[in-house]
Structures are given as C-alpha cells and as structure tokens.
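Some notes on the structure that comes next.
2 protein chains.
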Amino acid sequence: MREYGFGVDIGGTACKIGLFRMTGELLEKWEIPTDRREGGKHILADVAAFLEGKLEEKGIQKEDVEGIGVGIPGPVRPDGSVPLCVNLGWENVNVREQLGRLTGGMRVEAVNDANAAALGEMWQGGGKGSGSIVMVTLGTGVGGGVVLDGKVVAGSHGAGGEIGHLTVRPDENVPCNCGRKGCLEQYASATGIARMARERLAQGRQPSVLRHTREVTAKDVFDAYKAGDALAADTVGEFARVLGNALSNIACVADPEAFVIGGGVSKAGKPLLDAVEEQFRKSAFPSCAGTKFALASLGNDAGIYGGVRLLMG
Amino acid sequence: MREYGFGVDIGGTACKIGLFRMTGELLEKWEIPTDRREGGKHILADVAAFLEGKLEEKGIQKEDVEGIGVGIPGPVRPDGSVPLCVNLGWENVNVREQLGRLTGGMRVEAVNDANAAALGEMWQGGGKGSGSIVMVTLGTGVGGGVVLDGKVVAGSHGAGGEIGHLTVRPDENVPCNCGRKGCLEQYASATGIARMARERLAQGRQPSVLRHTREVTAKDVFDAYKAGDALAADTVGEFARVLGNALSNIACVADPEAFVIGGGVSKAGKPLLDAVEEQFRKSAFPSCAGTKFALASLGNDAGIYGGVRLLMG
Chain A
-14 MREYGFGVDI GGTACKIGLF RMTGELLEKW EIPTDRREGG KHILADVAAF LEGKLEEKGI
46 QKEDVEGIGV GIPGPVRPDG SVPLCVNLGW ENVNVREQLG RLTGGMRVEA VNDANAAALG
106 EMWQGGGKGS GSIVMVTLGT GVGGGVVLDG KVVAGSHGAG GEIGHLTVRP DENVPCNCGR
166 KGCLEQYASA TGIARMARER LAQGRQPSVL RHTREVTAKD VFDAYKAGDA LAADTVGEFA
226 RVLGNALSNI ACVADPEAFV IGGGVSKAGK PLLDAVEEQF RKSAFPSCAG TKFALASLGN
286 DAGIYGGVRL LMG
Chain B
-14 MREYGFGVDI GGTACKIGLF RMTGELLEKW EIPTDRREGG KHILADVAAF LEGKLEEKGI
46 QKEDVEGIGV GIPGPVRPDG SVPLCVNLGW ENVNVREQLG RLTGGMRVEA VNDANAAALG
106 EMWQGGGKGS GSIVMVTLGT GVGGGVVLDG KVVAGSHGAG GEIGHLTVRP DENVPCNCGR
166 KGCLEQYASA TGIARMARER LAQGRQPSVL RHTREVTAKD VFDAYKAGDA LAADTVGEFA
226 RVLGNALSNI ACVADPEAFV IGGGVSKAGK PLLDAVEEQF RKSAFPSCAG TKFALASLGN
286 DAGIYGGVRL LMG
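Those protein sequences? They're chains A and B, same order as listed.
So for the first sequence, the working numbering puts the first residue at -14; every next one is plus one.
So for the second sequence, the working numbering puts the first residue at -14; every next one is plus one.
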C-alpha cells in the first residue's frame, strides 16, 4: 500500500475532496463546486485538475498515491461506470476510465455515495473495529449501506442497502416517494416522524406541547420527547418500533456486527438510539440480540473516508 | 485447483458424502450413519475412515484431492469451529482442525448446512450462472442462505440467511418455534400453509374440497389450488403475499441476482413459483423488479455440491 490516497465525494452542488494517509488519517480536505452544465461533462476534469494542482502544491509524487476513491450520487456498476445519474446530468459515464485517463493513469475506484459513507463509517467512524456493518442514514429520506467483511454489498441491480424501501407496513394508504406504499422511509425519516406526529395531533386525542408549534418537524418531536411530552413519546415509540423491527429483519439477512446510525435524525443522539436499540433487542432473532449499535461519527466526511477505504479492496 | 474434491453433508441421522471433480461433476455419492453416541465424538473419525477407504478403493492420491468441504447442521465460526450443535451432540468441535488431522492433513472447510446448500445451488443448481443468490428452503420450517459474489454470508452471529425468522406480522398472536411471533416461517412453511388453510376452514365461510380432508397438509392445499378450489386459492394467495413481500425486503438489503426456491413445499412447482414471483414483482423496489426466480434443482445433494464449491474460496 502506498502512502497517500484521495477520497472524492461528488455531490449535486459540490465535490468534497480529501487527502489521506492510507493508514486512515485525513490530512486535509477541500470542496470544489460541481459544474453540472453540458451533461456534467466538466465534473471529472475539474476534479482531476484540482488533484493535479494539489499534488504539485504539496510536492507529492504520483507514485506515492495509491489512487482515487470516488462516491457518486447514483448507482455504479462493478466496472466503475454510471449508467444514469440525474443529480450530475450523467448518462453512461465510466468514472474509473475517464478519471483515470484525466489524471494520467492514476488508479480510480468508484461506488455509490451511500455505500461509500457506510464503508467510511466502518473504517474510521462509528463502526470502527467491525468488519461488517449496516449503516442507516436517517435524513429527509432513509438511506443505507451494507458492508460485509470489509466489502460493500452494492447489489446485482445497485439496490444493496436500499433499506429505506423495506416494506414495513403493507397496508399503508399513503404513497412513498418511490411510488410504493409502507416503506421504512415513511416512518423513520425526519419527514416521516413529523408526519406521524402531525397525524396524532390531528386526531386530537392527546394534549401536547406540539399543539403550539406551527410546522412540526422531527426536531420538535425529539425536543418534546426529551421534555416528557406524551404525544411525542408515542410518536418516538412508533418510530423506534418500526425501525427496530426493520433492523431485526436486516439482521436475519446480513447479520452485521453493528448497526451504525447517521443522518440528521440521529442528531437527537443517545435517547433516540436507546429507543431503537431497545426495540431491536425485543424483536431480534435470539443469536443477533447482541448486535452492537453506534452513532455515525464522521458526518459529511464519511464519503471521502469510504472512497479511500475502497482503494484497500 | 486439483482434480478431485469431497463434499460432506453431516446430518442428524446420516452423513452424505460425494466425490466430485472440481469442475462440478458428481462422480459418486454415499451415505453413512451418523453415530451420535458419546457427544458425537465418532462422527468425524467415521467420515475420515470412509474417505480414506474410498481413496484407496478408487486409487486416488491425496495430492490430487483439493480438500473436504463440510456442511454442519448448526452455526459454524469462520475458523471452522462449531460452538454448539444439538443435532450432533457437539460442543466446541473444530471441524477444520479435527477432520484435517484425522485425514492426515487434508484441507478442510466447514460451513452451516443451509449455507452449503445455497452455495451448491448457486454453483450447479437452480442458481447456476448467478454469482449472487438467496436460497429459500420451504420445508417444515423456512431456511435460507445468502451467497453474494460467490461467497456465503454466514453472518457475524451465524444468523446470515436466517430468513425464516424475518418478522412479517408483528401483530401475530401465535408464537413461532423460535419464541417470537409473526416469523415468515409461520406462513411460508408446509406447517404454516396447512395451519392457514385450517384456520380458514374453521371460520367456515367458504365451501372447499378440503372440508373432507382429515388432516389438511400443504400438499392437500396445493392440490386443491391446482383443482381450482377457492379456499385453497385464498390460502396460497396469502402465502404468496407474505413470502413475495419478504423476498422484496430481502432484495432491498442483499439485492441478489436470483432467488432459488427449494424444500418440500417447492415440489408444488411452477404454479407456486409463479404466485410468489407475481407478488414479488408487485412489491419489489423498482430496480429489483427483474430479479430472477428459479426452483432449486439439486434436492438433497445441494449440501455436498456446496461443500465442494466452498473449497474454491
């Protein structure tokens, strides 16, 4: 293994770039804007030019760089090609080949950004010390990533770790963004938590401090929960029940060493984790009941860490 | 890769042993009784003696044998040790070490028998041509095995592929054998199908040819279904709905190329597979909707095939 590696996390508005020692130390990080004009054709060239500039500035030889690991906001095939990425305006872009050529033959690996984040958290984040984790990102939606024995489970159709779309309530009437009904994302995302609280408020059966809040958000619900509000507690209970059950089902398939919980919702911290973990222990298959739970710790840097970990194979 | 390999499937009453070419051809197979006396301490010695005898009989040199791949009816650790196997009376038996020693240093690999069967079906059975499959065994219970990129997902706690214990109905009142409630096994096993039909019969709302059957079995239900019986059709519909949904959830985690369905219930064949597949396509995450379905084809030999495939790493 050479001394340095680059992690690149390409997003719809900015590309995060990190220079790492291959031992896991983030030396420096930067952001450059994502130029989505003309089908996103400048994006990889911009990244390549930036990297070349940094190598020169730092006086680092290419021979000392293991390679460039890239996270993409869309599905990536095993050969490093991206069939379609709406966020970047891409169609049939082979990241491995193109970025390799643009950097004069540097080694490039690419993977979906959620999977890169999972890999990063496994390596240097909340899952450090575990080779097999399932990362659960609770944000506006629910994302995920499965890493088994240090390798990302990208899936045969790019849907490995799409845990936000586990059907947890087949009898649901409200549709999910994906067009189906009863997806985990409808209950375990920030949007879902706020919706569940608003439904309870609309039923009007319980008094609640949230009655005075105009647009109830997930954060309001968690704040009220911590302050002892009963309606908020019921909402968090429902969230924890649905998510805990879903995780117990994931454990019966992939049986990870640890679940790592990240995303905006996870900012509610320990009380939230405790509620989900408690439900998991109740519903888990006995031999999985000891599965560890951890909060993600790398935040928005998880993807660049994961990019570099990807270079370790 | 050497020319020959042995696959061994150790069961509670008999050990199946197969001599293979490493290309996948089963040359000959045998069964020897499983001697469970004295904590099962004779089992591996019996297998070793049998193998040595066969090598001599066939005039095969040990140098031409890649190794022995063994399936065990219980959890197996990555180092080839079995912490506890009630069916064999074993406690802390390291199959890799002991059988290796007993055969004069032959290479031994061991894995749980359900996972061995999945690996066998991927290699030479219903999943042939796919590197990533989920095997679903519908028998008295529901078992499973996950193989991704040619490797078994044994799991961090030996629960990889324990899909019979996915909680599909958290509101179920009847307990599963595992002590929890609402497991897939309670609806998708032969036992479960018969139970669901009996419950419908007891409700007495529908006429059915099954009313004249004394002890309704899953086979009776499938026969009546094929003959156009409405109550049987409703039962099969429920079975297909629960199983199809569960498989769509598994696809959101492991995203295999194909599902391979085996076990006694799968003997009902194509109509059954069609019903499950139809439900899967309805409930699957869009990018997984094209996941293939196949019937297992190796029957009881799946485990010995998988044992040999295990030697290929």
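Ideal placement from N, C-alpha and C gives every residue a C-beta, glycine not left out.
Treat the numbers as computed from the prediction; the structure is a model and nothing was measured.
Going by C-alpha distance, which of the options is nearest residue i?
i                : options                              : result
Gly111 (chain B) : B:Asp286, B:Gly298, B:Met297         : B:Asp286
Gly177 (chain B) : B:Leu84, B:His150, B:Leu280, B:Lys39 : B:His150
Arg185 (chain B) : B:Asp208, B:Thr220, B:Cys168         : B:Thr220
Gly164 (chain A) : A:Val78, A:Thr152, A:Leu40, A:Gly9   : A:Thr152
Ala34 (chain B)  : B:Cys237, B:Gln188, B:Ile57, B:Thr88 : B:Thr88
Ala253 (chain B) : B:Lys1, B:Ala173, B:Asp240           : B:Ala173
Asp49 (chain A)  : A:Met107, A:Pro63, A:Gly(-10)        : A:Gly(-10)
Ile2 (chain A)   : A:Thr8, A:Glu37, A:Glu23             : A:Glu37
Gly249 (chain A) : A:Ala215, A:Gly222, A:Gly284         : A:Gly284
Phe5 (chain A)   : A:Asp20, A:Glu51, A:Val227, A:Gly25  : A:Glu51
Looking at chain B, is there any beta carbon in it that lies within less than 9 Å of the beta carbon of residue i?
i                : result
Val159 (chain A) : no
Cys273 (chain A) : yes
Val119 (chain A) : yes
Glu223 (chain A) : no
Asp64 (chain A)  : no
Ser115 (chain A) : yes
Gly38 (chain A)  : no
Asn230 (chain A) : yes
Phe35 (chain A)  : no
Ser174 (chain A) : no
Thr220 (chain A) : no
Ile178 (chain A) : no
Thr202 (chain A) : no
Ile246 (chain A) : no
Gly110 (chain A) : no
Lys136 (chain A) : yes
Arg81 (chain A)  : no
Under 9 Å between C-beta atoms, does residue i make it to chain A?
i                : result
Cys70 (chain B)  : no
Pro60 (chain B)  : yes
Ile57 (chain B)  : no
Thr122 (chain B) : no
Phe207 (chain B) : no
Leu84 (chain B)  : no
Ala99 (chain B)  : no
Asn234 (chain B) : yes
Asp240 (chain B) : yes
Gly145 (chain B) : yes
Gly164 (chain B) : yes
Leu216 (chain B) : no
Leu295 (chain B) : no
Taking the C-alpha atoms as reference points, what is the distance between residue i and residue j?
i                 : j                 : result
Lys136 (chain B)  : Gly298 (chain B)  : 7 Å
Gly275 (chain A)  : Gly74 (chain B)   : 25 Å
Asn162 (chain A)  : Ala225 (chain A)  : 21 Å
Thr(-2) (chain B) : Glu16 (chain B)   : 10 Å
Thr202 (chain B)  : Ala279 (chain B)  : 24 Å
Ile148 (chain A)  : Lys267 (chain A)  : 20 Å
Lys113 (chain A)  : Ala217 (chain B)  : 51 Å
Ser115 (chain A)  : Cys273 (chain A)  : 15 Å
Pro60 (chain A)   : Gln83 (chain A)   : 17 Å
Arg294 (chain A)  : Asp134 (chain A)  : 13 Å
Ala103 (chain A)  : Gln109 (chain A)  : 10 Å
Leu29 (chain B)   : Val206 (chain B)  : 41 Å
Gln46 (chain A)   : Ile53 (chain A)   : 14 Å
Glu23 (chain B)   : Glu76 (chain B)   : 11 Å
Ala95 (chain B)   : Gly(-8) (chain B) : 10 Å
Gly56 (chain B)   : Val119 (chain B)  : 17 Å
Glu41 (chain B)   : Ser66 (chain B)   : 28 Å
Phe244 (chain A)  : Val121 (chain A)  : 7 Å
Per DSSP, residue i is paired with what?
i                  : result
Arg21 (chain A)    : For Arg21 (chain A), which the question treats as bridged, DSSP gives no partner whatsoever.
Asp(-6) (chain B)  : B:Lys1, B:Gly56
Tyr(-11) (chain B) : B:Arg6, B:Val50
Val93 (chain B)    : B:Ile53
Lys14 (chain A)    : A:Gly3
Leu280 (chain B)   : B:Ile246
Val78 (chain B)    : B:Val67
Does the beta-carbon of residue i, which I'm using as the reference point, lie nearer than 8 Å to any heavy atom of the ligand ADP?
i               : result
Val93 (chain B) : Absence of the ligand ADP is noted for the structure shown, with no ligands found whatsoever.
**Message:** Report the start-end ranges of each beta strand (DSSP E) in the segment 103 to 171 of chain B that is 3 residues or longer and not cut off at the edges.
**Reply:** 118 to 123, 127 to 133
**Prompt:** Taking the runs of the alpha helix (DSSP H) that are 4 residues or longer, which of them lie wholly in the segment 28 to 76 of chain B?
**Reply:** 28 to 43
**Asked** Mind pulling the alpha helix (DSSP H) runs of 4 or more residues that sit fully within the segment 187 to 230 of chain B?
**Response** 203 to 211
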